[in-house]
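Residue numbers (the numbering used here): 149 to 184.
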């Protein structure tokens with residue numbers, strides 16, 4: 149589950165995403181899960 153307000157980062161390309169609405173699932177970029 150992703151949490152509202154957290155920023156997730158891709159280890160491969162460095163893309164950053166800030167969550168505006170929490171929900172079920174995992175954020176994925178470059179075919180790998182992003183980390184908070």
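Think of the CB as a built atom: it goes at the ideal place given N, C-alpha and C, for glycine as much as any other residue.
Across which residues does DSSP place residue 177 in a beta bridge pair?
Translated into positions along the chain shown, residue 177 becomes position 29. Note: residue 177 sits in a beta bridge opposite 180.
Excluding the 5 residues preceding and the 5 following residue 178 in the sequence, name in chain order all residues of the same chain whose CB lies nearer than 6 angstroms to its CB.
Against the chain shown, residue 178 aligns to sequence position 30. The answer, listed in chain order, is 158, 160 and 161.
Tell me the residue span of the beta strand (DSSP E) that contains residue 157.
The sequence position of residue 157 within the chain shown is 9, counting from 1. Segment 155-157, the beta strand (DSSP E) holding residue 157.
Cβ distance (whole Å) where residue 174 is taken to contact residue 164 below 8 angstroms:
Along the chain shown, one-based indexing puts residue 174 at 26. Along the chain shown, one-based indexing puts residue 164 at 16. Separation of the CB atoms of residue 174 and residue 164 is rounded to 16 angstroms, and the pair is thereby denied contact status at 8 angstroms.
Which of the three DSSP states is assigned to residue 171 in this structure?
Here residue 171 corresponds to residue number 23 of the chain shown, with the count starting at 1. Here residue 171 sits in strand by DSSP.
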